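Q:
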Amino acid sequence: MRRFLVIAFAAAFAAALGSAMLELAPSPLDLRIPVAAHLAQSGVSHPVTAVLLNYRGYDTLLEIAVLLLALLGILAVVGKDNPSPPRPAHPVLQTLARLATPSIIVMAVYLLWAGAFRPGGAFQAGALLAAAAVLLHLVGLLPAWSMPRLRLRLGFVIGFVVFLMVSTALLGQGALLKYPAETAGMLILLIESALTLSLALILAGLFLLLSRDQGGA
Amino acid sequence: MSFAFDLLLALALLWSGWRTLTTPRLDQAIVLFIAFGLLMALGWARLSAPDIGLAEAAIGAGLTGALLLDAYGALRQRTEQP
Amino acid sequence: MTGGLLFALTGAALFALGVAGVLLIAHLLRRILAFNLMGSGAFLVLVGLAQRNDVPDPVPQAMVLTGIVVAVAATALALALTRKLHGLTGQIALPEDADD
Numbered sequence: 091m092r093r094f095l096v097i098a099f100a101a102a103f104a105a106a107l108g109s110a111m112l113e114l115a116p117s118p119l120d121l122r123i124p125v126a127a128h129l130a131q132s133g134v135s136h137p138v139t140a141v142l143l144n145y146r147g148y149d150t151l152l153e154i155a156v157l158l159l160a161l162l163g164i165l166a167v168v169g170k171d172n173p174s175p176p177r178p179a180h181p182v183l184q185t186l187a188r189l190a191t192p193s194i195i196v197m198a199v200y201l202l203w204a205g206a207f208r209p210g211g212a213f214q215a216g217a218l219l220a221a222a223a224v225l226l227h228l229v230g231l232l233p234a235w236s237m238p239r240l241r242l243r244l245g246f247v248i249g250f251v252v253f254l255m256v257s258t259a260l261l262g263q264g265a266l267l268k269y270p271a272e273t274a275g276m277l278i279l280l281i282e283s284a285l286t287l288s289l290a291l292i293l294a295g296l297f298l299l300l301s302r303d304q305g306g307a
Numbered sequence: 006m007s008f009a010f011d012l013l014l015a016l017a018l019l020w021s022g023w024r025t026l027t028t029p030r031l032d033q034a035i036v037l038f039i040a041f042g043l044l045m046a047l048g049w050a051r052l053s054a055p056d057i058g059l060a061e062a063a064i065g066a067g068l069t070g071a072l073l074l075d076a077y078g079a080l081r082q083r084t085e086q087p
Numbered sequence: 011m012t013g014g015l016l017f018a019l020t021g022a023a024l025f026a027l028g029v030a031g032v033l034l035i036a037h038l039l040r041r042i043l044a045f046n047l048m049g050s051g052a053f054l055v056l057v058g059l060a061q062r063n064d065v066p067d068p069v070p071q072a073m074v075l076t077g078i079v080v081a082v083a084a085t086a087l088a089l090a091l092t093r094k095l096h097g098l099t100g101q102i103a104l105p106e107d108a109d110d
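Protein chains in written order, with my numbering: chain A, 91 to 307; chain B, 6 to 87; chain C, 11 to 110.
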């Protein structure tokens with residue numbers, strides 16, 4: 091009975107939402123026009139990066155804060171026991187992972203740099219670097235992380251801290267995260283580099299902190 | 006022609022999403038979810054959003070899939086040898 | 011019908027599928043899968059609906075990019091809690107409420 095009710099409710103909801111979409115009038119507010127109009131002052135020429143780090147920079151600032159909170163939650167939940175030593179994988183897999191890692195790093199740096207003028211940016215670069223760490227862990231070359239020490243903790247927070255410092259230093263401009271047009275490109279690159287490092291460490295940490303308690307409770 | 010591809014992709018998304026929730030075996034469900042993530046990345050490319058496509062392929066399919074498979078392995082290992 | 015609208019409709023269906031899954035499935039790992047389907051559906055609606063005339067719009071695209079990263083963090087936290095629950099009680103499902 092409950093099953094039937096839930097499915098009927100979900101189907102009715104999808105139908106109502108879908109028919110509303112089909113009826114929807116064109117939006118009176120087109121955000122593409124202001125985005126394109128201010129692109130020259132934003133410091134980057136790729137509109138998505140301009141929205142992420144300039145127009146709606148506070149979204150990204152709060153996002154990295156949310157990621158830090160999730161990491162803190164995981165640190166609180168997983169125990170303090172020492173990680174079990176990684177199980178070494180087949181030598182061919184290890185060699186392939188060793189060969190792949192440098193090209194992944196080059197790719198990540200390229201994506202970070204390309205974000206200013208074409209698809210790419212801090213998120214994708216950070217995710218790639220995290221994927222490299224996961225790959226190395228899965229073939230047994232990188233041990234799982236236990237309670238992080240000072241250097242790793244600094245790495246986790248550097249993206250948030252740099253972003254926060256830049257936004258505080260620019261409060262004199264009259265609005266939060268309003269960059270002066272002439273230095274905007276440099277500031278965005280600085281923030282993005284710190285964000286890439288933090289994102290890579292946090293995303294890798296989500297995996298490497300969780301995967302260590304394989305056996306016991 | 007391109008609309009036919011979009012339609013096919015939308016149906017594949019719905020089907021893989023449905024199978025993710027209804028497959029009896031959990032490991033197959035997780036692999037289907039990874040396939041769903043890759044199809045999503047393709048959908049983002051069709052929506053001319055390559056930024057999201059890159060992130061979805063790396064994070065949505067890759068990292069989430071690895072996290073889920075790792076959790077599945079840990080839970081199964083603990084259930085088998087308490 | 012444009013491609014953007016088609017993907018928005020797909021997103022609405024995926025969201026409903028995810029809602030039904032979250033409500034009906036007791037197994038927590040599967041519930042996390044359903045939760046991720048809900049998220050993907052919402053992202054598709056957000057971008058697809060804004061691009062229903064098939065012109066790319068960078069604002070929802072940037073918001074969804076943020077959303078994907080937050081979704082993986084939420085998934086990881088949920089998995090950590092699930093693993094802890096399993097370690098403490100041996101269960102992979104939440105206890106049912108008495109009045110359910």
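Positions of the beta carbon are idealized from the N, C-alpha and C atoms, including for glycine. These figures come from a predicted structure and were not determined experimentally.
(1) What residues from chain C crowd round I97/A, counting only those whose CB sits closer than 7 Å?
(2) Pick helix, strand or coil for H37/C, following the three-state DSSP scheme.
(3) Between F250/A and chain C, is there a C-beta pair that is closer than 7 Å?
(4) Report the three-state DSSP secondary structure of A72/C (helix, strand or coil).
(5) Mind listing the chain C neighbours of R51/B? Cutoff is C-beta to C-beta under 7 Å, in chain order.
(6) What residue does the alpha helix (DSSP H) around A9/B start on, and which one ends it?
(7) Find out if the Cβ-Cβ distance for the pair T20/C, L18/B is shorter than 7 Å.
(8) Which term fits G306/A, buried or exposed, when burial requires 16 or more other beta carbons within 10 angstroms of its beta carbon?
(9) Flag this pair as yes or no: are the beta carbons of R62/C and L15/C separated by less than 7 Å?
(10) Please report the distance separating the alpha-carbon of R122/A from that of P55/B.
(11) Might you give, ordered along the chain, the residues of its own chain that have their beta carbon closer than 6 Å to the beta carbon of L142/A, omitting 5 neighbours on each side?
(12) Is the beta carbon of D75/B sitting closer than 7 Å to the one on S301/A?
(13) Helix, strand or coil for A103/C, going by three-state DSSP, please let me know.
(14) Compute the Euclidean distance between the alpha carbons of P137/A and P68/C, then round it to the nearest angstrom.
(15) Buried or exposed: where does P116/A fall if 16 or more other Cβ atoms within 10 Å of its Cβ makes it buried?
(16) With a cut-off of 8 Å on the beta carbons, I'd call L43/C and T25/B a contact; round off their distance for me.
(17) Note down, in chain order, each residue of its chain lying with its Cβ closer than 7 Å to the Cβ of L299/A, except the 5 sequence neighbours on either side.
(18) Count the other CB atoms, across all protein chains shown, that sit within 10 Å of the CB of A130/A; report buried if there are 16 or more and exposed otherwise.
(19) What span of residues does the alpha helix (DSSP H) with A283/A cover, start to end?
(20) Comparing C-alpha positions only, which one of A79/B, A15/B and L72/B sits nearest to F297/A?
(21) Could you check which residue in F253/A, R92/A and L280/A has the C-alpha nearest to that of L34/C?
(22) Am I right that N144/A and I281/A are in contact with their C-beta atoms under 8 Å? What's the rounded C-beta distance?
(23) Measuring CB atoms only, is the stretch 45-58 of chain C touching the stretch 76-90 of chain C, in the sense that at least three cross pairs come out at less than 8 Å?
(24) Using 8 Å as the cut-off, can you tell me whether the stretch 34-42 of chain B makes contact with the stretch 59-69 of chain B, which would need three or more C-beta pairs spanning the two stretches below that distance?
(25) Suppose you measure from the CA of A86/C to the CA of V247/A; what does that come to, to the nearest Å?
(26) Could you name the residues of the same chain whose beta carbon sits closer than 7 Å to that of V224/A, not counting the 5 residues immediately before and after it, in chain order?
A: If we stick to the structure as given:
(1) Looking up residue 97/A in the first sequence gives position 7. Those within 7 Å of I97/A in chain C are A30.
(2) As a working mapping, residue 37/C is identified with position 27 in the third sequence. Reduced to three states, the DSSP call for H37/C is strand.
(3) Here residue 250/A refers to the residue found at position 160 of the first sequence. No, F250/A lies away from the interface with chain C (no Cβ there is under 7 Å from its Cβ).
(4) In the third sequence, residue 72/C corresponds to position 62, counting from 1. If DSSP states are grouped into helix, strand and coil, A72/C belongs with the helices.
(5) To locate residue 51/B, count along the second sequence from 1; it is residue 46. Here the neighbours are G13.
(6) Position 4 of the second sequence holds residue 9/B. Counting along the chain, the alpha helix (DSSP H) containing A9/B begins and ends at S7 to T27.
(7) Here residue 20/C is taken as the residue at index 10 of the third sequence, counted from 1. Here residue 18/B is taken as the residue at index 13 of the second sequence, counted from 1. Their beta carbons are under 7 Å apart, which means T20/C touches L18/B by this criterion.
(8) For the purposes of this step, residue 306/A is identified with residue 216 of the first sequence, where counting begins at 1. Bear in mind that the predicted position of G306/A carries a pLDDT of just 41, short of 50, making it unreliable; the figure below should be weighed with that in mind. Per the 10 Å Cβ criterion, exposed.
(9) For the purposes of this step, residue 62/C is taken as the residue at position 52 of the third sequence. For the purposes of this step, residue 15/C is taken as the residue at position 5 of the third sequence. Closer than 7 Å, so yes.
(10) Here residue 122/A is taken as the residue at index 32 of the first sequence, counted from 1. Here residue 55/B is taken as the residue at index 50 of the second sequence, counted from 1. Going by the C-alpha atoms only, they are around 17 Å apart.
(11) Position 52 of the first sequence holds residue 142/A. Correct list, in chain order: T150.
(12) Indexing the second sequence from 1 puts residue 75/B at position 70. Indexing the first sequence from 1 puts residue 301/A at position 211. Contact flag set, yes.
(13) Position 93 of the third sequence, counted from the start, is the residue given in the question as residue 103/C. Looking at A103/C - three-state DSSP - the assignment turns out to be strand.
(14) The sequence position of residue 137/A within the first sequence is 47, counting from 1. The sequence position of residue 68/C within the third sequence is 58, counting from 1. Each residue's Cα considered, the two are about 6 Å apart.
(15) Taking the first residue of the first sequence as position 1, residue 116/A is located at position 26. Classification of P116/A: exposed, given that the 10 Å Cβ count is below 16.
(16) Your numbering for residue 43/C matches position 33 in the third sequence. Your numbering for residue 25/B matches position 20 in the second sequence. Between T25/B and L43/C the Cβ distance is about 6 Å, and since that is below 8 Å, they are a contact.
(17) Numbered from its first residue, the first sequence carries residue 299/A at position 209. Here the set comprises I164, L165, V168 and W235.
(18) Taking the first residue of the first sequence as 1, we reach residue 130/A at position 40. With fewer than 16 Cβ atoms within 10 Å of its Cβ, A130/A is classed as exposed.
(19) Taking the first residue of the first sequence as position 1, residue 283/A is located at position 193. Contrary to the premise, residue 283/A reads as Ser rather than Ala in this sequence. Taken as a continuous stretch (DSSP letters only), the alpha helix (DSSP H) holding S283/A covers A274 to L300.
(20) The count along the first sequence starts at 1 and reaches residue 297/A at position 207. Out of A79/B, A15/B and L72/B, L72/B has the C-alpha closest to the C-alpha of F297/A.
(21) Walking along the third sequence from the start, residue 34/C turns up at place 24. The shortest C-alpha separation from L34/C is found at R92/A.
(22) For the purposes of this step, residue 144/A is identified with residue 54 of the first sequence, where counting begins at 1. For the purposes of this step, residue 281/A is identified with residue 191 of the first sequence, where counting begins at 1. N144/A to I281/A, Cβ: 10 Å. No contact.
(23) yes
(24) yes
(25) Counted from its first residue, the third sequence places residue 86/C at position 76. Counted from its first residue, the first sequence places residue 247/A at position 157. Rounded to whole angstroms, A86/C to V247/A spans 18 Å at the Cα level.
(26) The count along the first sequence starts at 1 and reaches residue 224/A at position 134. A294 and F297.
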